[in-house]
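Below: the structure, in structure tokens.
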Amino acid sequence: MRVMVKWVFYAFVLMIPLSLGAQVEFTAKVSKKKLGLNERLRIDFEMNQDGDNFEPPSFEGFRVLGGPNQSISNSWINGKRSYSKTYSFFLAPLKKGVITIGQASIEVDGERYKSLPVEVVVTEAVEIPKDGNNADYLASENVHLVAEVSNTNPYLNEAITVVYKLYVSNQVSITSNWREIDSPKYADFWSQTLDQKGQLQIYEGQYRGEDYRYVVLRTAVLYPQKTGELSIEPLTLDVPIDVRSNRRDFFGRFMTTRVNKTISAGRRTINVKPLPLENRPEDFTGAVGFFDFDSSISRSELDAQESLEYSVTVRGEGNLKLFELPKPQFPNAFEVYEPARNDKISTRTSGMRGSVSEVYTLVPQNQGTYPLPPLSFSYFDPNLERYITKTTQDHIVSVINGPAQESAQQNSERNETNKVVVDTDRFSYIKLQSDWYAKNPAPWFGTWAYWRWVLGLLILLPMWFIISLIRNRYLGDTASRDLRKRKRLIAQYLSQAKAEQQNPTAFYAALERSLHLFLKAQLKLETSGMSKENIRALMTQRKVTQDAIDRLIGLIERCERARYAPTTAVDVQNDYNEAQEVIALINNTKR
Amino acid sequence: MMARGLYLLVFIMFFAPQNGHGQGQSDNWFDQGNQLYKNEQYNEAILRWEAVLESGVHSAAIYYNMANAYYHLNDLASSIYYYEKALALSPGDVEIKANRAYVQNALIDVIREQPKTLFQKWDEASGQLLSVNTWAWLGLFFMGLFVFVAISFNLVETPSAKRLSFVTGILSVILFTGSIAFGIKTQSYSQNYRWAIVFSQEMSVRSGPRLSDEALFELHAGTKVRLLQSQDEWQEVELADGRRGWVSSNEIKTL
Numbered sequence: 026m027r028v029m030v031k032w033v034f035y036a037f038v039l040m041i042p043l044s045l046g047a048q049v050e051f052t053a054k055v056s057k058k059k060l061g062l063n064e065r066l067r068i069d070f071e072m073n074q075d076g077d078n079f080e081p082p083s084f085e086g087f088r089v090l091g092g093p094n095q096s097i098s099n100s101w102i103n104g105k106r107s108y109s110k111t112y113s114f115f116l117a118p119l120k121k122g123v124i125t126i127g128q129a130s131i132e133v134d135g136e137r138y139k140s141l142p143v144e145v146v147v148t149e150a151v152e153i154p155k156d157g158n159n160a161d162y163l164a165s166e167n168v169h170l171v172a173e174v175s176n177t178n179p180y181l182n183e184a185i186t187v188v189y190k191l192y193v194s195n196q197v198s199i200t201s202n203w204r205e206i207d208s209p210k211y212a213d214f215w216s217q218t219l220d221q222k223g224q225l226q227i228y229e230g231q232y233r234g235e236d237y238r239y240v241v242l243r244t245a246v247l248y249p250q251k252t253g254e255l256s257i258e259p260l261t262l263d264v265p266i267d268v269r270s271n272r273r274d275f276f277g278r279f280m281t282t283r284v285n286k287t288i289s290a291g292r293r294t295i296n297v298k299p300l301p302l303e304n305r306p307e308d309f310t311g312a313v314g315f316f317d318f319d320s321s322i323s324r325s326e327l328d329a330q331e332s333l334e335y336s337v338t339v340r341g342e343g344n345l346k347l348f349e350l351p352k353p354q355f356p357n358a359f360e361v362y363e364p365a366r367n368d369k370i371s372t373r374t375s376g377m378r379g380s381v382s383e384v385y386t387l388v389p390q391n392q393g394t395y396p397l398p399p400l401s402f403s404y405f406d407p408n409l410e411r412y413i414t415k416t417t418q419d420h421i422v423s424v425i426n427g428p429a430q431e432s433a434q435q436n437s438e439r440n441e442t443n444k445v446v447v448d449t450d451r452f453s454y455i456k457l458q459s460d461w462y463a464k465n466p467a468p469w470f471g472t473w474a475y476w477r478w479v480l481g482l483l484i485l486l487p488m489w490f491i492i493s494l495i496r497n498r499y500l501g502d503t504a505s506r507d508l509r510k511r512k513r514l515i516a517q518y519l520s521q522a523k524a525e526q527q528n529p530t531a532f533y534a535a536l537e538r539s540l541h542l543f544l545k546a547q548l549k550l551e552t553s554g555m556s557k558e559n560i561r562a563l564m565t566q567r568k569v570t571q572d573a574i575d576r577l578i579g580l581i582e583r584c585e586r587a588r589y590a591p592t593t594a595v596d597v598q599n600d601y602n603e604a605q606e607v608i609a610l611i612n613n614t615k616r
Numbered sequence: 024m025m026a027r028g029l030y031l032l033v034f035i036m037f038f039a040p041q042n043g044h045g046q047g048q049s050d051n052w053f054d055q056g057n058q059l060y061k062n063e064q065y066n067e068a069i070l071r072w073e074a075v076l077e078s079g080v081h082s083a084a085i086y087y088n089m090a091n092a093y094y095h096l097n098d099l100a101s102s103i104y105y106y107e108k109a110l111a112l113s114p115g116d117v118e119i120k121a122n123r124a125y126v127q128n129a130l131i132d133v134i135r136e137q138p139k140t141l142f143q144k145w146d147e148a149s150g151q152l153l154s155v156n157t158w159a160w161l162g163l164f165f166m167g168l169f170v171f172v173a174i175s176f177n178l179v180e181t182p183s184a185k186r187l188s189f190v191t192g193i194l195s196v197i198l199f200t201g202s203i204a205f206g207i208k209t210q211s212y213s214q215n216y217r218w219a220i221v222f223s224q225e226m227s228v229r230s231g232p233r234l235s236d237e238a239l240f241e242l243h244a245g246t247k248v249r250l251l252q253s254q255d256e257w258q259e260v261e262l263a264d265g266r267r268g269w270v271s272s273n274e275i276k277t278l
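Sequence order for the protein chains is A and B.
Take the position in the first sequence, starting the count at 1, then add 25; the result is the number in my numbering.
Take the position in the second sequence, starting the count at 1, then add 23; the result is the number in my numbering.
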């Protein structure tokens, strides 16, 4: 007997560390954290070790309706013991507001353990007191649909993610499929929804501080297309929820009640900021994100009529599908085909990622060197909150063989006044000789200086006349002066005769008078000494030709004869001409 | 009479376009530039040629050479700029026009010239026929010829010589008047037709001289524009096809 007691003692000694090895848990649980003034509350103080000397809190602000009720459960499952001891109280609130239920304490193996204080919100009296065990109430309290928005204040075109999560508490379960009643339409957004495929993954998480299980139903990537307040329509589901009821079935298991609940993730409002206006580059086309920009050519040396490819690529993360790539400009001698667009974009929860490129096919028509101007691309970086411009390097295309002639023809076609006939098929070499001219000749034409030159030349004319006049007067060449006088005299002598040509008698009288006057002036003869012999002798002396003398004498004779015999008009004309010639002859001889 | 003619000739010679002093230095730099161009040292060649230009002289040849060098450096706007400068001095040069056509092929803008009436063509051609100073010299020459002929008219005696000098005199008066008229025409042409080359890679032509004004169209480097009026930093330009608009003066370079 004594040995047996000893064994039992040993057994106990061995068992003590086992029981001490499990951690002592002492918690306070309330049936609801929020209740109306006319509702009741149950509070359980639960421990997993057998404790003594339980001291309940004061329950200030509550009236204790019942309790403490003590219950103990002890079970062995697969050799594992689980134990719980519970003290329960039923309480009725006395006032509105937040009431704190203080700490309860228990003594386990000589140590005192305390529960955490619990806060309870007491609201105004409710119409129908909520029954903590009502299935509907439980279902609505334990299942929540939440739309989580990654950023409620994004920039225009900045990606935001909306994640729809269904939270289910441990008290209820969902065993069959739900039905979507209303799926959101994302007006004013560019959207892409990423639906969960296959089996939903169950995660552990917290919802308002309590442990929940949740599943991710759907993820939507949104790019706001408008600034200002935009709302996201709610997602509404019809969910069958299994709620544990208090009844038990024949085998002692809890019976479950199925409740269909319509739950909705509330309407969310997103405030979209416009992109800043200051420092906005001119070539900005709405790209928001983080990008790399590049351009490339497939070959840089080719012949005319061959083709090359020019590609423009934007690669990175952002609204790749929502902006235009910069349009390159090509030399006019290139034939350019419509670009082929290549999109390699994958959408993830963080947004679109990948590359967009446009490939241009170019066919040069003429030989030459063609620089393709650099391209620039601007985007807005929402993290740095500023615009960034990236520029590609320029490419140079050498077209080695090909017509140059045609280019000139094209040139003359488009530029009529500029008809160039290029006789060289090559780009001509530089010129090796040069004449030099003053770069900025002073304006001369139209200035006073210029008109002075013109006037200066013009003034030479009267100056010359004045000079020649003075010279003639003082350096006297009298002969030439007399000559002019004589010429004038001949005209004078003959003018009378000329006037009388219609009347032969008067004509000859005048002609004779004229000849006499001429001889008087010429030979310094008096009228009395004007015999034919005398004239002939003097003339010969002055070396007048015999012929001229004969003609003069003949003329004088004809004049004398005409006084008595009538003559014709023809004779008059002939004699007049004869007189002119003879006078000229004699004059010339005299010089 | 003979002496007077000689005097006139000396007189014209004396005032003929001055060949810049230090011609030897210019030729030296020019040749150095040519040598560098041959060795494909285009930047250095341009520096030499620019030194020549800075000394106050220029020529079609040096502008043409610079344009070729800029083409090899792929600077199309500068290339066109110097070809145009060369053509202004030597409008009929085939080589310059041919090489310019190469560069024009590589430009982005194609400006189709507006068709002109015959009168407009004459009007423009008359303004580009000869330089103002050449017309000035021609005017002076015909004036001198008139004075010379007027004097000789009084000296010659035979009727045929007199007739000849009379006709020459009348003709030289007509030619003098014509030269003066063309001179005035050329002067007003060079004042009204001022040109510039677009140097900015790409620029907007706007409806008015403000950044807020509507952008009408885009122009790219190397395009030739005619200058109209200007206000502050803005310049109104006209294209060969008749389109007009305002651009920032910093983006173009006046010829």
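Every residue gets a Cβ at the ideal spot worked out from N, C-alpha and C, and that includes glycine.
Item: Do you know offhand how far residue 481 of chain A's Cα is from residue 199 of chain B's?; Value: 15 angstroms
Item: Apart from the five residues on each side of it in sequence, which residues of its chain come closer than 8 angstroms, Cβ to Cβ, to residue 87 of chain A?; Value: 66, 116, 117, 118, 119, 124 and 126
Item: Could you pull the DSSP bridge partners for residue 218 of chain B from this structure?; Value: B/249
Item: At a cut-off of 7 angstroms, is residue 65 of chain B close to the ligand FMN when judged by its beta-carbon and the heavy atoms of the ligand?; Value: In the structure shown, the ligand FMN is absent, as is every other ligand, since no ligand is present at all.
Item: Would you kindly check if the distance between the Cβ of residue 389 of chain A and the Cβ of residue 422 of chain A is under 8 angstroms?; Value: yes
Item: Pick helix, strand or coil for residue 267 of chain A, following the three-state DSSP scheme.; Value: strand
Item: Listed in chain order, which residues of the stretch 457 to 478 of chain A have Cβ atoms closer than 9 angstroms to some Cβ of chain B?; Value: 457, 458, 459, 460, 461, 462, 463, 464, 465, 466, 468, 469, 470, 471, 475 and 478
Item: Report all residues from its chain with a CB closer than 8 angstroms to the CB of residue 299 of chain A; omit the five preceding and five following residues, and keep chain order.; Value: 180, 181 and 252
Item: For residue 377 of chain A, which residues of its own chain have a beta-carbon under 6 angstroms away from its beta-carbon, when the five flanking residues on both sides are left out?; Value: 345 and 370
Item: Between B/250, B/278 and B/159, which lies nearest to residue 271 of chain B when the distance is taken from Cα to Cα?; Value: B/250
Item: Under 7 angstroms Cβ to Cβ from residue 178 of chain A, same chain only, skipping five residues before and after it: list those, please.; Value: 296 and 298
Item: Judging by CA-CA distance, which residue of B/82, B/63 and B/77 is the nearest neighbour of residue 461 of chain A?; Value: B/82
Item: CA-CA distance, residue 247 of chain B and residue 354 of chain A?; Value: 18 angstroms
Item: Please classify residue 74 of chain A as buried or exposed, where buried requires at least 16 neighbouring CB atoms within 10 angstroms.; Value: buried
Item: Thinking C-beta only, is residue 413 of chain A closer than 8 angstroms to residue 403 of chain A?; Value: yes
Item: Counting only Cβ pairs nearer than 7 angstroms, list the residues of chain A close to residue 158 of chain B.; Value: 470
Item: With a cut-off of 8 angstroms, do at least 3 Cβ pairs link the stretch 309 to 320 of chain A to the stretch 92 to 101 of chain B?; Value: no
Item: Would you please verify whether the beta carbon of residue 633 of chain A is less than 8 angstroms from any beta carbon of chain B?; Value: In the structure as shown, chain A begins at 26 and stops at 616. Residue 633 of chain A is therefore absent and cannot be evaluated.
Item: Is the stretch 228 to 240 of chain A close to the stretch 185 to 200 of chain A, with three or more CB pairs under 8 angstroms?; Value: yes
Item: Within a Cβ cutoff of 7 angstroms, which residues of the same chain sit near residue 198 of chain A, ignoring the five residues on either side of it in sequence?; Value: 267
Item: Which whole-angstrom value is the C-beta distance of residue 77 of chain A and residue 132 of chain A, which I expect to be below 8 angstroms?; Value: 5 angstroms
Item: Check each candidate in A/278, A/393, A/287 and A/498 and name the one with the smallest Cα separation from residue 451 of chain A.; Value: A/393
Item: Any idea what DSSP makes of residue 198 of chain B, helix, strand or coil?; Value: helix
Item: Suppose only complete runs of 3+ residues qualify. What are the beta strand (DSSP E) ranges in the stretch 52 to 92 of chain B, listed by chain order?; Value: none
Item: What residues from the stretch 347 to 378 of chain A come within 8 angstroms of chain B, judged by C-beta to C-beta, listed N to C?; Value: 354, 355, 356, 357 and 358
Item: Do we get a CB-CB distance below 8 angstroms when we pair residue 155 of chain B with the residues of chain A?; Value: yes
Item: Assign residue 97 of chain A to one of three DSSP states: helix, strand, or coil.; Value: strand
Item: Nearest to residue 361 of chain A by CA position, among A/170, A/134, A/348 and A/385, is which residue?; Value: A/385
Item: Anything in chain B within Cβ reach of residue 487 of chain A, meaning under 8 angstroms, just list it in chain order.; Value: The premise fails here: residue 487 of chain A is roughly 10 angstroms from chain B at the closest Cβ pair, so nothing lies under 8 angstroms.
Item: Could you tell me which uninterrupted beta strand (DSSP E) segments, each at least 3 residues in length, are contained entirely in the stretch 316 to 375 of chain A, listed from first to last along the chain?; Value: 333 to 343, 359 to 361 and 365 to 373
Item: Can you tell me which of B/122, B/176, B/227 and B/202 puts its alpha carbon nearest to the alpha carbon of residue 288 of chain B?; Value: Chain B is shown from 24 up to 278; residue 288 of chain B falls before or after that span and cannot be answered.
Item: In whole angstroms, what separates the C-alpha of residue 219 of chain A from that of residue 364 of chain A?; Value: 31 angstroms
Item: For the beta strand (DSSP E) containing residue 61 of chain A, name the first residue and the last one.; Value: 59 to 61
Item: Excluding five sequence neighbours on each side, which residues of the same chain lie with their C-beta closer than 7 angstroms to the C-beta of residue 600 of chain A?; Value: 536, 580 and 583
Item: Less than 8 angstroms between the beta carbons of residue 339 of chain A and residue 347 of chain A, yes or no?; Value: no
Item: DSSP three-state call for residue 151 of chain B: helix, strand or coil?; Value: helix
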